[in-house]
Amino acid sequence: MSIACHHCEALHWRDESTVKSRNSQHPEFGTCCNSGKVMLPPPRPPPPVLHALFEANDEQTREFHTNIRAYNMALAFTSLGVSQDHTINRRFGGNSWVFRIQGQLSHHSGALVPEAGCPPLYAQLYLYDPHVALQQRMSRNSHLREDTMLSLQTMLTQHHQYAPMFKHAFEVLKDHPNGPDAEIRLRVQVAPGEHVRQHNLPTADEVAMILPGDGSATDYRDIILRSRMPAETTLYRIHEGHPAYEPLHYVLFFP
Numbered sequence: 019m020s021i022a023c024h025h026c027e028a029l030h031w032r033d034e035s036t037v038k039s040r041n042s043q044h045p046e047f048g049t050c051c052n053s054g055k056v057m058l059p060p061p062r063p064p065p066p067v068l069h070a071l072f073e074a075n076d077e078q079t080r081e082f083h084t085n086i087r088a089y090n091m092a093l094a095f096t097s098l099g100v101s102q103d104h105t106i107n108r109r110f111g112g113n114s115w116v117f118r119i120q121g122q123l124s125h126h127s128g129a130l131v132p133e134a135g136c137p138p139l140y141a142q143l144y145l146y147d148p149h150v151a152l153q154q155r156m157s158r159n160s161h162l163r164e165d166t167m168l169s170l171q172t173m174l175t176q177h178h179q180y181a182p183m184f185k186h187a188f189e190v191l192k193d194h195p196n197g198p199d200a201e202i203r204l205r206v207q208v209a210p211g212e213h214v215r216q217h218n219l220p221t222a223d224e225v226a227m228i229l230p231g232d233g234s235a236t237d238y239r240d241i242i243l244r245s246r247m248p249a250e251t252t253l254y255r256i257h258e259g260h261p262a263y264e265p266l267h268y269v270l271f272f273p
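Residue numbers (the working numbering): 19 to 273.
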């Protein structure tokens with residue numbers, strides 16, 4: 019991938035360009051910004067810790083590059099919901115690893131509090147003491163470097179836009195229990211005139227929101243947070259069109 023779109027600078031292979039511009043000095047691409055028709059704000063620069071891990075060339079950063087997917091999964095707020103087909107790897111003896119899925123790929127979010135006797139996972143770890151969260155992550159990823167995990171965990175706790183939201187939602191549910199079915203819905207709304215990447219931290223001990231209708235129906239923009247899951251439910255599915263869908267899972271791309 020060595021050809022950059024001259025509109026948005028996304029990298030492509032030349033054969034991904036439009037047929038009419040394939041032999042041009044400045045080929046056009048339709049899969050990124052639709053040949054300049056879609057204008058997106060530039061991404062924020064990564065925090066210094068992550069920037070150093072991407073750009074430096076030493077033993078720690080090389081290990082990070084090798085295991086970046088494992089670090090991301092250890093620090094993600096959501097789990098990956100997928101039915102993986104392992105037969106193709108058994109067929110070739112594991113010499114060339116292939117990730118093949120059956121059906122739909124989705125991201126799942128569980129309860130804010132783990133079930134009795136179960137260790138905390140994913141978003142639940144952001145509600146715990148950082149030392150406890152680090153030990154839990156390392157117990158499941160003993161092949162990773164603890165100093166790198168600690169640096170990334172601290173970075174996300176301080177910088178990730180949803181970390182304080184989950185923490186605040188947990189505190190509200192804990193301080194204002196309304197029975198086992200108490201829930202909070204996080205909904206991202208874009209107000210005209212406001213910068214699309216601005217996220218203000220909560221300043222009060224209450225969460226208020228306006229929901230169309232009577233609030234009983236779940237909209238695709240909702241993230242439902244519960245302290246405990248109802249008996250008949252194990253996971254909620256976040257709609258793929260929700261603005262939080264990718265930042266909650268690909269935390270090292272959207273810190």
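Heads up, the beta-carbon is just placed ideally off N, CA and C, and yes, glycines get one too.
(message) With a threshold of 8 Å, are at least 3 pairs of Cβ atoms found where one atom belongs to the stretch 138-151 and the other to the stretch 40-57?
(response) In short, these stretches do not touch, since the Cβ pair count stays below three.
(request) Return the residue from the list Ser97, Thr96, Leu68, Phe95 that minimises the CA-CA distance to Ile86. (result) Here residue 86 refers to the residue found at position 68 when the sequence shown is read from its first residue. Ile86 has its Cα closest to that of Leu68, out of Ser97, Thr96, Leu68, Phe95.
(message) Helix, strand or coil for Ala22? Go by DSSP, reduced to three states.
(response) The count along the sequence shown starts at 1 and reaches residue 22 at position 4. Correct three-state label for Ala22: strand.
(message) Residues in the same chain with beta-carbon distance under 6 Å from Leu71, minus the five sequence neighbours each way, listed in chain order, please.
(response) Taking the sequence shown and counting its residues from 1, one reaches residue 71 at position 53. The answer, listed in chain order, is Thr79, Phe82.
(message) Suppose you measure from the CA of Glu27 to the CA of Ser160; what does that come to, to the nearest Å?
(response) Taking the sequence shown and counting its residues from 1, the one referred to as residue 27 is at position 9. Taking the sequence shown and counting its residues from 1, the one referred to as residue 160 is at position 142. The straight-line gap from Cα to Cα measures roughly 38 Å.
(message) Report the CB separation of Phe95 from Leu270 in whole angstroms; it is logged as a contact under 8 Å.
(response) By one-based count along the sequence shown, residue 95 stands at place 77. By one-based count along the sequence shown, residue 270 stands at place 252. The pair is not a contact, with the Cβ atoms about 12 Å apart (cut-off 8 Å).
(request) List the residues that DSSP assigns as beta-bridge partners of His177. (result) For the purposes of this step, residue 177 is taken as the residue at position 159 of the sequence shown. Residue pairing for His177: DSSP places it in no beta bridge.
(message) Taking only three categories from DSSP, how would you classify Leu68?
(response) Indexing the sequence shown from 1 puts residue 68 at position 50. Three-state DSSP puts Leu68 in a helix.
(request) Tell me Leu29's beta-bridge partners as DSSP assigns them. (result) Residue 29 sits at position 11 when you count from the first residue of the sequence shown. Partner(s): Ala22.
(request) Identify the continuous alpha helix (DSSP H) that holds Thr79 and give its terminal residues. (result) Within the sequence shown, the letter at position 61 stands for residue 79. Counting along the chain, Thr79 sits inside the alpha helix (DSSP H) bounded by residues 77-84.
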